[in-house]
Structures are given as C-alpha cells and as structure tokens.
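Chains as they are written, first to last, in our numbering: chain A, -2 to 178; chain B, 192 to 645; chain C, -19 to 219.
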Amino acid sequence: MRTRKAVRNVIYGICADDDAAASVVEELRALDVDARRIVVQSSEPLEIRDLAVPHGSGAMPWVAALGGLIGAVAGFTLAAGTQQLWPLSTGAMPIVTLRTNLIITYEMTLLGVIVATVLCFLVTARLPRWRMPLDDPEISEGAVLVGVLSPPQDRAHDIERALREGGGAARIVTCGPEDWG
Amino acid sequence: MTGKTAKEISNDLLRPVLDTSWRFYAAAVLLGALVVAGLAAWGHQMSAGIGVAGINRPVFWGFYITNFVFWIGVSHAGTLISAILRLTHAPWRRPVTRAAEAITVFALMIGAMFPLIHLGRPWLAFWLFPYPSERRIWPNVRSPLVWDFFAINTYLVGSTLFLLLPLIPDLALLRDRARGWRRHVYRLCALGWAGTPHQWRRLETAMHIMAIVIIPVAVSVHTIVSFDFAMAPVPMWHSTIFGPYFVAGAIFSGIAALIVAMAVLRRALRLEAYLQLLHFESLGKLLLLMSLVWTYFVFAERLTTWYGNEPAEVAVLFAVERGPYAGLFWAMVFCNFVLPFVMLSIKRLRTITGTVVASLAVLVGMWLERFLIIVPSLTRKYLPYSWGTYQPTLVEITITAATFAAMGLLFVLFSKAFPIISIWELKEGDRRAPVVAPGLVDQSMVMADRHANP
Amino acid sequence: MPHRWGMVVDLDRCTGCEACVVACRAENNVPTVGEAEAARGRAIHWIRVERYVDGEFPDVRVKFLPVFCQHCDAAPCEPVCPTYASYHTADGLNAQVYNRCIGTRYCANACPYTVRFFNFFNPVWEKPLHLQLNPDVSVREVGVMEKCTFCVQRIKAAEIAAKAEDRPLRDGEVVPACAQACPSRALVFGDLNDPDSEASRLAGSHRATHLLGELGTQPKVFYLQREGGHDRQDREGDQ
C-alpha cells in the first residue's frame, strides 16, 4: 500500500521525540535550507509549534464569521421571503413575524459558522489529499519525522549529516513521494 | 495521567478496534434484534395506522414525544459538555470527550426519528423541509416544529463534524495499523492526514471555533424543544421558565448517560487505566450540580403555579402531585434529587459504582420528567368535559425499548470501528502533564494544559 | 367587505337533544369509529353537547353547552402547524386543509377547546352506509386532523348561487347542518360583518360571552348565557 516511488526527492529522518525534532530543524535552518521545504510530521500536536512553518494567525475566525453572516442572511431571507411569497394568515399574526424569524436566522447563522469553519479547515490543512502523504510506520508509534523536500543535490550530504547529528535521528530514509508541498 | 507510553496507549486503545471478540458479535446481535423489533413495530404502525399507539383525544402526544424530548436531552451530554471541558481546559476531559460526542450524535439521530415516528402520515414528513416543491408551498416558519427542524439540523451537522474533526488523526493512526480491506477504508476516511505542525494548528483552531459555536447551538436546541410546549396555551405548558428548565434537564440527563456509557466501555473494552475514578468523580460532581439546578427549577415552576392558583393550571399540578400521576412524580423526585444527592454528595459513596447507580436513577427520573411534563397537561385541558387519560400500547413500548437498544448498538458499532478514546489527545495530555495519582488534579496540570492550548 | 362568519349559541334555548350532533355527522361525512375505539377516546364529533351539573341535589341545574370549533380570530391552532394545513381564510374561517396535513396533531394540543379530531385509522363506512356519504364533502384518510368547518360547502354553494343571480348573499341563506337541525333554534349562523344579520344582533346582547374568553383567542362563536337569577326565582316561587 505504501507508495514508495522513485528514490529521488526527499530525505527524512525519524526522531525519537519533539526535542530531537526541534534541534534537527535548528540544524537544517543553520544549513540555510528553505523553511518551506522542511517537513515535520507527528501523530500528536508538537509543543514546539513553529517547527518549520512560520507562525500565522490564520484566517479561520474571519472565514467563520463570514460564514455566519451568509447563514444569517440566508436564514432571514428564507423565513421572511417564504412568508411573503405565500402570504397565508395564521393566528392573527402578521405575515412577516420578526420574532419567530429570529430563531431561524439564529440557527442558520450558527450553521453557517460551523460549515465555514470546517470548509476552511479542510482547505487550509489541504485535506483531503488522496495520494499518500509522506508516511512512515514509526510516526504512529510516537516518533517525529523531519525531512527536506527536493533537497538540492549538492547539499544532500550536509542535510543527511544534520538529520543524524542534530537530533540524533535514528534512521534516515531517502525516497520520493508522489505529491508533496 | 495514565502513566503509559505513547506506544502502550496506541496498543490499548486500538485493540478493541483491531481485535474482534465474541462479545462484540453477541452484543451486536442482541441489540440488533431489539432494533429490528422496533422497526417491525413501526412498520406495523404505518400499515395499520397511528391508532395502534395509545394516543387519543385529548392526549395527542404520548410516549413518542416523551422519547423525542428525552433523547434530544441526552444528546446534550456530549458536545456541550465536551465543548465546555475543552474551552475550560479541564485536563481530565481527554479520555471522555469522544464518547460524549458520540452520545450526542447517536442520541440526536434517535431523537430526531420520533417526530417522524409520531406523525399521522410519516410518508409525507418531507413536507416539513424547506425546499421548492410541486405543492408550491413552503413550511410555515412560525411553527415551533419548523424551528425544531432548523435547530436539530444545525445541531446534528455541528456535533457530527465536532465528532469527526478530532477523529481524523486517529484514523490516520488506524490507517497505519489496520490490515486488509479495513486499511483501505481507514485510508479513505483519514483524508490523507499527514500530521504536519501546520495541520495540527489548523485542527486546533477549527476545534476551538467549533467548541465556542456548539454551546449556543446546544442551548438553543433544547430551548426550541421546550418551545414546542411553551408556545401552546395548554395548562402548565405555557411557561416562560421552560427554555432554561429544559436545557438544565438536558445537561443533567446527558451527564448521566455519559457516566453510564463510560462505565460500560470501561468494563467491556478493559479501559480501566484510562477511565479512572477521577473521571467518574469529576462527572459525578457535575451531575450533583445539575441535580440541584434541576430541583431548583422544579421547585420554582411548581411554587409559582400553586401560588398563582389559576384553576386550569392547579388541576394539572395536583393531578401530578397527588392525583393519578403522583406515583410517577414522587419516583421522579427520588430518582432525580434524593438518590443522586445522597450518592454524590457523600464522598465515601461517590465511587464508580455510586456514580453509575446515581446516573441510572437520573436517566429513569429524567424520562419520567419528560413524560410528566407532556401527558398530564393534555389529560386536563380547560374544559373538564374533555378530560382524558393515556395508556401506552405494546407498539409504543416496543419502539421505546428499541431506541435504547439502538443507542447501545450504535455505540457498540462505533467503538468497534473507531477508538472510543481520542488517542492523540490522550498522548498530548500525558506528555504535558506529570503523572499523578488518580483523583488528584493539581494546579500545575491545569496550568500546563492551559499553556498547551493558547 | 368580506364576510365574517360566526355563530351564536343561545344556552337558554338549548335542550341538549343532540340533533345538531347527528345532523353534523350526516352532512360532513364524519366517520364512526366503533364502540371500542370510542371508549379509547377516538370518537369524532365535530359538535358535542357538554353537560355540566350545577349545585347540590335537589337544588341542581343542568347546563348544556354545545361546543364546536370556535373559529378564533387569534387561533392557537393555526401558527403551530408546520405545513399551513391550518390557516385563516379571508372570510374569517379557520380552515383545515386535509391534503396538507401530515398529522403532527400539534394543532389539537394547542386548541384550548379540544374540538379538533384525528383519524387514528382509515375510516370505513360499512355497506350500505357508504350510500349516504355527502358528495360535497371529502372524506379524510388516516393521520389527518379534521374539525367543524361551519359547513364551508354550504357557504360556497350559497355564494355561487348568489353570484349566479348577481346579488349579495342574504342573511339566513347559509345555514350549517347543526343550526338547520336545531329544533329550539338555539344555534344562529350569520355574517358578523353585516350589522343587520340576526347573528350580529344576538352577538350584541348583554348575555353574549365567549367560551374561555380569558385566553384571548377571539372566537367567532358567541354564547348567550342563561339568566340564572330568573330561573332560580321561578323555582322558589313554586315552593
């Protein structure tokens, strides 16, 4: 199942824990490896959050708020619009009943926030991706993978050394994932 | 908190998923048979007519609506509690959240069935949905039943996603561990999760937003369920207290359901190391709190009705307290207040067994509470000439029993297909907190956890 | 000006004979559910005569109270229906559209008068009873609510007849089955928007009250209360 295609364009090491992974990343940065090429993978969130990836506040709260706004407009339009298109009188109430429409608007607002949040999560986390990502069985055993994508040919040796010495990566693998980065 | 290594945690928690024992088949067959019996009863009701249920004039709503309110109430276990625990960084939440979220989703699915089951013409239920149809008419958005549709829909979508999002990393774990055809399935379900710091950050942000949003959704859902009653000018239904009263009752029964489910899982899946006394104690204290809140609401509701002395309302009040429903009423008071209060406020009794006994009592009591809100009012509406009684039939009892079996079955199947304890969250918590004896939560753990989730 | 159909019930005239109940059943194809079902509270009768006994024996008075759909202006049954099966027509009728009804029975719970009825099973008319079904009134299937319509089929027929003759409807031209059958003329039907109609005139009586008027449902049925003091004096005079 594991797609290990051409042994070409990635070098990674398996580190025992996140401290080791952090020092490997430090080493790689010292080597002037492009931060966007550094890959870190783990089976649990790492305490050192900015490993390889620059910190960003993220647009998710704003996307969620926008989703809520769209939901609110859709909810109110649905409620008030259908009441006006089918103006049937019930219980001596006005045709457009603002109080009850608030309930529909409220629910649709929150539905909008939820759907927008999840969609934003999927898009920004680049999920789903059907081709297998870089994968090593030891990740699910608690190890941390640190690797470099498309390492420049002339630097391969330095990178391997950094992986081995920096954090004491137990194992170095060179392989080529189908889609990465 | 478990004092186990990451590898041990993975092994322990994936074992129920990867190994199948005869117990799983026995439970699935037994519960499945009950569910089939319930479906058969429903089929019979559809072909013969809704009259095979015990409802009549004036008691047009009976067991089915009781079950509807009860199950929607139980659904507040999960997502709401899990969201509050996440937002307050309660460190003991980690082994609890997934089971809680699963209860929510399943209880909602079961509860949402009842508005369909109780319909006179269930094959036309889709007329409630807002969609352009050949009938050229849309639902009446002034009806609380349409509010129900929107509220339950939002809650079901929200809580399902709230359950699934933190499941993705564990599915990736399963993808690596499973063999054969299941590996393909898990591979598909894991959506290609890689576990990069970027993805972890996005997941945490998404869960944080979801946890904030799902709380007002949960509150609104049971408020709107209470509006089904409060909007109608029926004695003791037409009450302004119903919204918060129902929400409090929902959380109350939800916690009880969660404690019972955890106890069953602990025993059946041998998770003693993960679901410890600490978790039962903490949830037990929450249950005690909600018992007191619920009692306060019941007292406030009944005192104001009694003092106001409005004839139609007092007729219902006394029918419940000292009339034909007195037995059920005092059983409810015992189950929801007396027993939990004794079991949960005395430290020596607040053991795992003690909290489970209290929780079972609360589940019974809360079912009775829903019944006693709905039925007695309908038996005594304004004109005494049209007073009535209600007696459930075998069909209603079978369908009610089947829903409890359905809850069990869905839970058995879920805990078979997915790890019932969030593995990555447990590992994350273990790494960040010092190992402590069960029953102790010290401030350093809380601080460590808070630091971990900015 | 649209009509505003209403009914006046003179409780001084009602003898409790239940002719209205029988007439309504025949006119509106109201199904008979049988003894066992009736005992379970599933009997359907769009109009019923409630009997209340006042006082202690021997000083008792029986009060007959014909109760049927009050066609409330602020009807609690209407807004709760999710499918608009229950709604208010332009001429003030509280309409029940059988085809839209999905049987939530919410309207029946919301109705404080308990005058809404549900078809718990498919209705049957054993031969030859099916021959007496009124072709102007649809029969209702299982799972559908039904209730007094003020004999809307008779209202429509009278309106069509008046339109054909190009004249306004006259007072007394529309008579629901119950009012037609009442031997003591306790039930008077008419247009409450027509100040000269008999119903309007009676509705202005000092005896006129609403049933459960305190609930604010604004019914279009008026009950003319019995003049209790007068009644009592008569009896005391006999002694």
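All residues carry an ideal CB built from backbone N, CA and C; glycine is no exception. Here the structure is a predicted model, which is why all the values come from computation and not from measurement.
Contact residues of the stretch 70 to 100 of chain A toward chain C are 85, 86, 87, 88, 89 and 90 (C-beta to C-beta distance below 7 Å).
Close partners of residue 78/C in chain B (Cβ separation under 8 Å) are lacking, with about 10 Å as the shortest Cβ gap. When the alpha-carbon of residue 150/C is set against those of 162/C, -8/C, 172/C and 131/C, the nearest one is in 172/C. If you compare the alpha carbons of 242/B, 408/B and 505/B with that of residue 353/B, the shortest gap goes to 408/B. The secondary-structure analysis by DSSP pairs residue 437/B with nothing; it has no beta-bridge partner.
Exclusion of the five residues before and after residue 310/B leaves 316 as the residues of its chain whose Cβ lies within less than 7 Å of its Cβ. Here residue 203/C is near residue -9/C, since their CB atoms are less than 7 Å apart. Along the stretch 234 to 256 of chain B, the positions whose C-beta sits under 9 Å from a C-beta of chain C are 239, 240, 241, 242, 243, 244, 245, 246, 247, 248, 249, 250, 251 and 252, read in chain order. By the C-beta density criterion, residue 404/B is buried, having at least 16 other C-beta atoms within 10 angstroms.
Annotation for residue 87/C: 57, 60, 61, 66, 96 and 125 place their beta carbon closer than 7 Å to its own, counting only its chain and skipping 5 residues before and after. Note that the C-beta distance between residue 450/B and residue 387/B is not below 7 Å. Counted as a single uninterrupted DSSP element, the alpha helix (DSSP H) harbouring residue 118/A occupies residues 95 to 121. Judged by DSSP in its simplified three-state form, residue 611/B adopts coil rather than helix or strand. Straight across, the Cα-Cα distance linking residue 160/A with residue 131/A is about 17 Å.
In its chain, beyond the 5 residues on either side, 243 and 586 have a beta carbon closer than 6 Å to the beta carbon of residue 236/B. Inter-segment contact for the stretch 427 to 445 of chain B and the stretch 576 to 583 of chain B is absent: fewer than three beta-carbon pairs are separated by less than 8 Å. As summarised for the stretch 419 to 468 of chain B, there are no continuous beta strand (DSSP E) elements at least 3 residues long confined to that stretch. Within the stretch 131 to 197 of chain C, the runs of alpha helix (DSSP H) that reach at least 4 residues and sit entirely inside it are, in chain order, 132 to 144, 157 to 161 and 178 to 183. When rounded, the separation of the alpha-carbon atoms in residue 18/C and residue 2/C is 16 Å. Nearest Cα to residue 119/A within the set 537/B, 543/B and 381/B: 381/B.
Spanning the alpha carbons of residue 301/B and residue 588/B requires a straight line of approximately 15 Å. The C-beta of residue 396/B comes closer than 7 Å to at least one C-beta of chain A. In its chain, beyond the 5 residues on either side, 543 and 547 have a beta carbon closer than 7 Å to the beta carbon of residue 454/B.
For residue 68/C, the enclosing beta strand (DSSP E) starts and ends at 66 to 68. Straight across, the Cα-Cα distance linking residue 160/C with residue 119/C is about 22 Å. Taking a beta-carbon distance threshold of 7 Å, residue 110/C does not count as an interface residue toward chain A. Within the stretch 354 to 388 of chain B, the complete alpha helix (DSSP H) segments of 4 residues or longer fall at 359 to 368 and 372 to 380, listed in chain order. Three or more beta-carbon pairs separated by less than 8 Å link the stretch 421 to 432 of chain B to the stretch 488 to 499 of chain B, which places the two stretches in contact.
For the C-beta of residue 579/B, the chain C residues within less than 8 Å are, from N- to C-terminus, 21. Residues of chain B with a Cβ closer than 7 Å to the Cβ of residue 127/A are, in chain order, 383. The C-alpha of residue 312/B lies about 13 Å from the C-alpha of residue 63/C. For residue 32/C, the enclosing beta strand (DSSP E) begins and ends at 28 to 34. For the stretch 327 to 354 of chain B, the set of residues with a beta-carbon nearer than 7 Å to any beta-carbon of chain C comprises 328, 330, 331, 333, 334, 335, 336 and 337, in chain order.
Straight-line spacing of the CA atoms in residue 529/B and residue 549/B works out to 10 Å.
Per DSSP, residue 13/A lies in no beta strand (DSSP E) segment and is marked neither H nor E. Rounded to whole angstroms, the separation of the alpha carbons of residue 524/B and residue 131/C is 49 Å.
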